[in-house]
Amino acid sequence: MKVASEELVSLRDVWVHYDNVAILEGINLSIEQGDFLGIIGPNGGGKTTLLKVILGLVQPSRGEVTVLGGAPEQNRKFIGYVAQHILFDHDFPISVWDVVLMGRNGKLGLIKRPSDDDKRLALKALEIVEMLDYKSRQIGRLSGGEQQRVFIARALVAEPKMLLLDEPTTGVDTHMQAEFYELLARLKHKMPIVLISHDISAVSIHVDKIACLNHQLYYHGSKEIGPEILEATYKCPVQMIAHGVPHRVLKEH
Amino acid sequence: MLEALQYDFMRNALTAGVLASVACGIVGVYVVVKRIVFISGGIAHASFGGIGLGYFLGINPVLGALFFAVASALGMGLVSRRTRLPEDTAIGVFWVVGMALGILFVGLTPGYAPGLFTYLFGNILTVPGADLIIMLFLNVIIIVVVLSLYKEFLAISFDEEFSTVVGIPTERLYLLLLCLVALTVVVLIRVVGVILVIALLTIPAAAAKQFTYNLGKMMFLSVLFGIISVLCGLCLSYELDLASGATIVLFSVVLFLISFGFKRLCNRKHGLSLPPQ
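Protein chains in written order, with this note's numbering: chain A, 55 to 307; chain B, 36 to 312.
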C-alpha cells in the first residue's frame, strides 16, 4: 500500500513568459518528502527559471506555485538554496565562516548578532561538508569544489526542509563530483533534494527520480527514461549513455 | 605648518578632514566591494542640483545637496530595480539631470553665487563651524546604521539573491546603503568638492583592500588612509599653495599605488599570481 507522501512543493499548470516568449509551458510538478530529483535538459530550456519560480524570484504568468503550503515568497526561507555560484571577486573580504553564518540571517532577523546556537549550527554544517579546517580562510582562496561545499553548508545551516541546487557541479572536477554526490546521498535521508543539471550521465547515476525539462516537462518519475523522452527533451538524437551505469537507469533498446 | 594650528580655520579644516575620512572610510568599503562606484558618482554629481537649489531658495546649499543626494540615490536604486531600464542608463540620466538643474538654478539666482567654486572643487580651509555640526551629525547616523546592520550589509554586498531567499529585505537594505552613500557625499562636498567626491569614496577603501580580507579591518584601514591623505594633502597644499581638494585626492592615489605595489610584491614572493581556477 502506498503511503501518501508529504508534498513540499507543488507547481500546477505553471507558465512563465518573458517578453511574450514562453520559457515554461504548463509545468506540473510535485516534490515530496524523500525525493531525490534530478532535473535535466538543454541550456535555455527553463531549468533556472523553474528554480526561480519555486523560490518566488520570478512570478508565473499563469498557474499556481505552492511551497510548504504557502506562497513561495513567504516560505522560501525554509528552502536551502545553492545557486550556480561564480565568484566574481576572488578578493572579496569574507571568510568561509562568515559565508556559512550568512545562512542564519533569515532566522536571526535584522540587527541581532549570531548567538552561540547559531555558531554551533555553523560548525555542524561545516563538519557535514568536511570544510571545518578551512573556516578562517578567505572564500576566494578555495578551489571551485571547496567553494561549492561551503555554499552547501550555508544552505544547511538554516536547517532547511529541502535542498535546491542549481548546476552544482559546474567548475568541479570529476573526482570532486563523486565526493559531492556522496555528500548528497548522506543528506537525502534528512530532506528532499532537487538538483538541476545539464550533465545527464552524472545526474542519472545518483538521483532517484528524473525530470526532463525543455520549456515543457517531458518526464517526471523514476529513472527509466527511454531514448524517445531524451530526444523530445533535447530535440536531437541522443546517443545512449553507458559508462558503467547500472542497467536500471536507461532502458535497453 | 604647526604654527598654523593657532588659526580657527586650520583647526576647522583638520576636524572636517577627520570627519570626512571617517565617513568615506566606512561607506567607501561598501562602494568598493559591492562595486557601486558608478552609482555613487551619480549621487555625487546629482547632488549639485541641490546646491543650485539652495542658492536659489536662499538656504544653506549643503542642505539642498543633502535633499538631492538622497532623492537621486533612492531614484537610481528604484529605477534600476523596478524597471527594465539598465542600471547604467538610469545612473547616466540622474547624473546629468542633477548637474544641469544645478547650473540652471545658479543661473536663475539673482546676483552671483558666492563659493560656487568651493562646492564644485572643495576648499577644506573654508569649512564653517555650522557645517562641522552637520558633518558630525551625519557621521553619527552612518556609524550607528553600519554597526547595527553590519551582517546584513555584508550579506547583500556578497550575495543579494541568497539574501532575498533567506528572507532579509534586500531591496530596502540596498536603498538604505545608497542613502548612506548620499550622506557621505554631503559630508565630503566641502572637503573635495562634488567633482572629486567619488575619489575619496573609492581610493582609501581600495588601498585598504590590499591589506586585509576582513571587512571590519578594511574599514578601519580605510579611515586611516583617508586621514593620512587629508592631513598630508592639507600640509602640502598649505606649504606649496596648491588647491587643497585636488592635493588630498592625489595624495590618496599615491597611497593607493604604494599599497597596490606592495601587495603585488608580496604575492610574487609567495608565488601567487592569479587566484586558483
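Where is the CB? At the ideal position from N, CA and C, for every residue including glycine. As the structure is a prediction and not an experimental result, all values here were calculated from the model.
DSSP puts residue i in a beta bridge; with which residues?
| i | result |
| --- | --- |
| A:Q192 | A:S149 |
| A:R66 | A:E118 |
| A:V61 | Checking the sequence shown, residue 61 of chain A turns out to be Glu, not Val. Note: A:E61 sits in a beta bridge opposite A:E86. |
| B:G127 | Paired residue(s): none; B:G127 is not in a bridge. |
Which stretch, first to last residue, makes up the alpha helix (DSSP H) that contains residue i?
| i | result |
| --- | --- |
| A:T120 | Taken as a continuous stretch (DSSP letters only), A:T120 belongs to no alpha helix (DSSP H), being part of the beta strand (DSSP E) at R116 to V121. |
| A:K178 | D170 to I182 |
| B:L88 | F83 to L92 |
| A:A310 | What the structure shows of chain A is the stretch from 55 to 307, and residue 310 of chain A is not part of that stretch, so it cannot be assessed. |
| B:G164 | G164 to S183 |
| B:K244 | T205 to K244 |
| B:F291 | S279 to K304 |
| A:F142 | Counting along the chain, A:F142 falls outside any alpha helix (DSSP H), and DSSP gives it neither H nor E. |
| B:M111 | P96 to R117 |
| A:I254 | I254 to H260 |
How is the beta strand (DSSP E) around residue i delimited, first residue to last?
| i | result |
| --- | --- |
| A:S84 | V75 to E86 |
| B:I71 | Looking at the DSSP string, B:I71 is not in any beta strand (DSSP E), and its letter there is neither H nor E. |
| A:V112 | No beta strand (DSSP E) holds A:V112; DSSP gives it neither H nor E. |
| A:L267 | K263 to N268 |
| A:K250 | One point to set straight first is that residue 250 of chain A is Ile, not Lys, in the sequence displayed. Element bounds for A:I250: I247 to S251. |
| A:I133 | I133 to V136 |
Does chain B have any CB closer than 9 angstroms to the CB of residue i?
| i | result |
| --- | --- |
| A:L219 | no |
| A:G100 | no |
| A:Q202 | no |
| A:N74 | no |
| A:I85 | no |
| A:Y135 | yes |
Roughly how far, in whole angstroms, is the beta-carbon of residue i from the beta-carbon of residue j, given that I think they are within contact range, below 8 angstroms?
| i | j | result |
| --- | --- | --- |
| A:I165 | B:S183 | 5 angstroms |
| A:T120 | A:S64 | 5 angstroms |
| B:G280 | B:L218 | Actually they do not touch by this definition, with Cβ atoms about 19 angstroms apart. |
| A:E79 | A:Q270 | 5 angstroms |
| A:P222 | B:L250 | That pair is no contact at about 27 angstroms. |
| A:K215 | A:D89 | At roughly 12 angstroms, the Cβ-Cβ gap does not stay under 8 angstroms, so A:K215 and A:D89 are not in contact. |
| A:L122 | A:I250 | Actually they are not in contact, since the Cβ atoms of A:L122 and A:I250 sit about 20 angstroms apart, beyond 8 angstroms. |
| B:G89 | B:L98 | 6 angstroms |
| B:F295 | B:L271 | Not really, about 21 angstroms apart at Cβ, beyond 8 angstroms. |
| B:G137 | B:G84 | 4 angstroms |
| A:I193 | A:S149 | 7 angstroms |
| A:A212 | B:V201 | 6 angstroms |
| A:V204 | A:M185 | 6 angstroms |
| A:E86 | A:L62 | 7 angstroms |
Taking only three categories from DSSP, how would you classify residue i?
| i | result |
| --- | --- |
| A:K215 | coil |
| A:F90 | strand |
| B:V258 | helix |
| A:Y72 | strand |
| B:Y147 | coil |
| A:D220 | strand |
| B:V200 | helix |
| A:L271 | strand |
| A:K56 | Low local confidence applies: a pLDDT of 45 at A:K56 is under 50, so the model's placement there is unreliable, with the coordinate-based value given in what follows. It is coil, neither helix nor strand. |
| B:D43 | helix |
| A:G124 | strand |
| A:K244 | coil |
| B:D194 | coil |
| A:N129 | helix |
| A:K101 | helix |
| B:T161 | helix |
| B:G62 | One point to set straight first is that residue 62 of chain B is Val, not Gly, in the sequence displayed. Looking at B:V62 - three-state DSSP - the assignment turns out to be helix. |
| A:L164 | coil |
Answer yes or no: does any C-beta atom of chain A fall closer than 9 angstroms to that of residue i?
| i | result |
| --- | --- |
| B:R70 | yes |
| B:P204 | yes |
| B:M111 | no |
| B:K304 | no |
| B:V132 | no |
| B:A242 | no |
| B:S198 | yes |
| B:D194 | yes |
| B:M253 | yes |
| B:S107 | no |
| B:Y209 | no |
| B:E122 | no |
| B:V289 | no |
| B:L236 | no |
Positions along the region 38-61 of chain B whose CB lies within less than 9 angstroms of some CB in chain C
Reference to chain C is not applicable here, since the protein chains of this structure are A and B.
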